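S.K.:
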Amino acid sequence: MAAGAGREHAAFAGVRLAAPFRPRLIWLAGRLRFDLRTWLERELAERAGFQWLAVAFGAGCLAYFALPREPLLAALLTPALLGMLLAAYGYRAGRLWRIASVVALGLAGASTAKLRVDSLSGPQIERPFVTELSGRVIRRDTRAERRPRLVLDNLRAETRGAETRGAETLPGRIRLSLGAKQGLPPLGARISVKARLLPVAGPTVPGGYDPRRAAFFEGIGGTGFVLGGWRAQAPPARLSGGLALARVRAEAVQRITALAPGEAGAVAAALLVGERSALSEKTNESLRISGLAHILSISGLHMMLIAGAAFFAVRAALALSPTLALTRPIRKWAAVAALIVVTVYLALSGGGVATVRAYVMAVVMFAAILVDRPPISMRNLAIAAFVVLATEPESVTEPGFQMSFSAVAALIAAWDVWQDRRRRRLVDEDALPGLRMLRFIGRAVFGVALTSLVAGLATAPFAAYHFERAATYSLLGNLLAAPLVSAIIMPFGLMTLLIMPIGLEALPLAVMVWGIDALLWVSDWVASLPGADLAAPRISALSLILMSAGLLWLCLWRLRWRLLGIPAIGLGLVLVPVLDSRSDILVAPDGTAVAVRDAGGVLRVSGARAGSYVVEQFLDEEGAQAPDAAGLRNGVRCDELACILPSFGALEVAHVRDPVAFAEDCRRVDIIVTPLRAPADCQAMLVIDAKRLEHFGAHAVRIVSDQGEPQFDLTAERSAFSRPWQTGSGVKNGQNEAPSTSAKGRSAAPGS
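Numbering (the numbering used here), first residue to last: 370 to 1121.
1) Kindly list the residues whose CB is nearer than 6 Å to the CB of LEU422, restricted to its own chain and excluding five residues on each side of it in sequence; keep chain order.
2) Determine the burial state of LEU641: buried for a count of at least 16 other Cβ atoms within 10 Å of its Cβ, exposed for fewer.
3) Near ARG645, what residues of its chain come up, given a Cβ to Cβ distance below 7 Å and the 5 sequence neighbours on each side ignored?
4) Say whether the region 728-738 touches the region 695-708, bearing in mind that this needs 3 or more beta-carbon pairs closer than 8 Å, one atom from each stretch.
5) Ordered along the chain, which non-local residues of its own chain (more than five positions away) have a Cβ less than 7 Å from that of VAL756?
6) Please report the straight-line C-alpha distance between PHE836 and ARG657, rounded to a whole angstrom.
7) So the candidates are VAL971, ILE543 and ASP487; which of them puts its Cα closest to the Cα of GLY504?
8) For the alpha helix (DSSP H) holding HIS1064, just list the boundary residues, first then last.
9) Is PRO572 near GLY1066, with beta carbons less than 9 Å apart?
10) Helix, strand or coil, according to DSSP, for VAL622 in the structure here?
11) Output yes or no for whether 9 Å exceeds the beta carbon distance between ILE625 and GLY631.
12) Can you tell me whether DSSP reads ALA526 as helix, strand or coil?
13) What are the residues that DSSP puts in a beta bridge with LEU521?
14) Give every residue of the same chain whose Cβ lies closer than 8 Å to the Cβ of LEU903, excluding the five residues on either side of it in the sequence, and list them in chain order.
15) Closest by CA to PHE681, which one among LEU596, LEU708 and ARG931?
16) Thinking PRO860 and ALA716 are a contact (beta carbons under 8 Å), I'd like their distance in whole angstroms, please.
17) Excluding five sequence neighbours on each side, which residues of the same chain lie with their C-beta closer than 8 Å to the C-beta of LEU693?
18) Is ASP902 helix, strand or coil when you go by DSSP?
19) Report yes if the CB atom of LEU524 is closer than 9 Å to the CB atom of ARG509, and no otherwise.
20) Relative to the alpha-carbon of LYS550, which residue among LEU780, GLY557, GLY588 and GLY598 has its alpha-carbon at the smallest distance?
21) With 16 other CB atoms within 10 Å as the buried threshold, where does GLN623 fall?
22) Where do the ends of the alpha helix (DSSP H) carrying PRO860 lie?
23) So the beta strand (DSSP E) ALA840 belongs to, where does it begin and stop?
24) Relative to the alpha-carbon of CYS1051, which residue among GLU1063, LEU1062, VAL1042 and PHE1031 has its alpha-carbon at the smallest distance?
25) So if DSSP puts PHE594 in a beta bridge, which residue, or which two residues, is it bridged to?
26) Looking at VAL595 and LEU556, is the spacing between their C-beta atoms short of 9 Å?
27) Would you call the CB atoms of ARG817 and LEU780 closer than 9 Å?
28) Could you give the residue range of the alpha helix (DSSP H) that holds PRO580?
29) Looking only at its own chain, which residues have a Cβ that is under 6 Å from the Cβ of LEU455, when we skip the five neighbours before and after it?
30) Quick one, which of GLY541, ARG907 and ALA957 has its alpha-carbon nearest ASP949's?
31) Counting beta carbon pairs with one atom in the region 439-448 and one in the region 767-785, are three or more of them shorter than 8 Å?
32) Do you know offhand how far SER892's Cα is from GLY862's?
33) With a threshold of 8 Å, are at least 3 pairs of Cβ atoms found where one atom belongs to the region 851-859 and the other to the region 869-888?
34) Given ALA1025, which residues of its chain have a CB within under 8 Å of its CB, disregarding the five upstream and five downstream residues?
35) Counting C-beta neighbours from all protein chains within 10 Å, is the total for GLN1095 16 or more, i.e. buried, or is it exposed?
36) Answer yes or no: do GLU1021 and ASP1008 have a C-beta to C-beta separation smaller than 9 Å?
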């Protein structure tokens, strides 16, 4: 007992020895709390909190699209309104109004997304059928690698009968493919066709690119192809609004491609009017591998070059008059002229997300000049984010929005740091003229390199998450391409647009095309370098959230505590290999194609040929290079009834094409995948058949354990509750049947 008392005394003695350190810890905690509060107050005093309201609004939009089932509008609007009232009361009373504002803006973002989805909801094609219909041509797509396509609205069924059941509830818009040799009707014409209509295809792999979702937000409720030709019912009427602009854009594309046929003309059309349909897949791939694909997207770079050229040209012209220069606000006049130019450019470009964001930034920037405010700021970027998300909240989930805003936020933050450093140091401006010229050139080269590096680092997580590819020599490509784009391509492109109405665009377009040819040569050379196109590691959603939060913290704050964003980015990077969850089996939505990862980690495919869309999606999902046909089928054993694929962990997967094969394969193999209905008494550990695919779409399977009884982690395209953009067979009243489980083994219920 004495020994026990001694041990107890010793233990308490240790605590008493630690007691003197407690005041020190309490002091440190209090000091940290005081510093954080002081930093926050200083940040808010500089109005740095406004941009976080835009982040909250965007987070609310993102949360809505991540929900597993559709929420009620009242469940979002009611707390949003209550939060706004609480924020208003708290502002006057000085209590918790900041937190209430953030919560209210988040709920407002979710409510905005819900209202947007409800406004687009309508009839959609849910099963194939043939019908005769008429509609107005509102869009034409003549991409080189595929058949011409039309988008029709104002649809009306021309026939009735059992074979056209479903035509009485046609969607608002449909997209139809024409024969390769058929001519295209003019925009605005009303045509009649006999067509086979189909539901818009869903994603080939869970979490992959979803054509159905993209079509939903374009207002397209079905696809199909024309049987025979089209017949004109009425000539194009006098067009107004969007169709009139579409016709102007189409005529501009025709004039550009007539004067500059080939890839250079296609790139010119993409840069000047946002029409990318004439670009070949080879050019797109070359620009992607070299890190120059962003040049094709009319974004901040193009808008600022166009706006800057217009601003400085008008200002220089007005400055030729000493009277105007000394007595009139020619800087503001030039800003108004630049606003007019960028507005026309926006109308001609088609108004993509990146273009609208850049336009809003330009409007805010020149408006700041008009009211004598700083033109470039994070606040202006936040205003642009509010405008884009309020009109198209679905863009928050798209790579274009994420990469565009992250790049601009990082560049603005880097610019602020650079300006602060320049203000703190003395610069010798009395150097010799030659040294000043060298310094100017060095700064220009360094500025281009730093801009490319900062933008590349800011967008890298999003590019890896969405595309799972890495452009190794992106910095080199942008260093070589930047002078061409800034000094030749865009200035002469602006001149081409300005004088096109009077028919004198040939000369400036020729100079622009010369610059584009040089750009494409740079792109091809960089893309041909060894290791230019590498598979990026798969980034999980958690890793992306951590890196995004760290990037926002690093960019949006101005004081030193912004550096706390670096550990968050580092943690996201550390978790990339830890949370890597590549699938072992991928099943196409209709079950006709399946990919299985073998013991060496290589995908083997059954039911699809090399180069097909399904195979490309399989490989893109896994970040793998496209092997040849022999490599895809290496180790796959097939007969007339089924194919056997070797899986990781010595499990065998049977891809059954004939019902006769079920009798043997259900007894012998571990996993059955089939586009047919499997027998109810099939004894395979896991069965993915037509019934399951009909309800849940594409599947991805991870083999969690191959020790003893295998366990399977299943992810499906659709969950038990569908969202408005998830249509097709099996989706009834917004809910599917409960997922079935296999006879042996354990599988998780499919997630969305």
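All residues carry an ideal CB built from backbone N, CA and C; glycine is no exception. Everything numeric in this text was worked out from a predicted model, so none of it was measured.
M.R.: Taking the coordinates as given:
1) LEU474
2) buried
3) ALA639 and LEU665
4) yes
5) VAL729
6) 11 Å
7) ILE543
8) 1059-1065
9) yes
10) helix
11) no
12) strand
13) VAL506 and ILE543
14) ARG838, ALA839 and THR841
15) LEU708
16) No, PRO860 and ALA716 are not in contact; Cβ-Cβ is about 20 Å, not under 8 Å.
17) LEU687 and ILE699
18) strand
19) no
20) GLY598
21) exposed
22) 859-868
23) 838-840
24) PHE1031
25) SER546 and ARG565
26) no
27) Per the sequence presented here, residue 817 reads as Val, with Arg not at that position. Cβ distance not < 9 Å, so VAL817 and LEU780 don't count as in contact.
28) 580-586
29) ALA469
30) ARG907
31) no
32) 20 Å
33) yes
34) The sequence as given places Val at residue 1025; Ala does not occur at that position. Result list for VAL1025: LEU1010, ALA1011, PHE1031, ASP1034, ILE1041, VAL1042, THR1043, LEU1045 and ALA1047, in chain order.
35) buried
36) no
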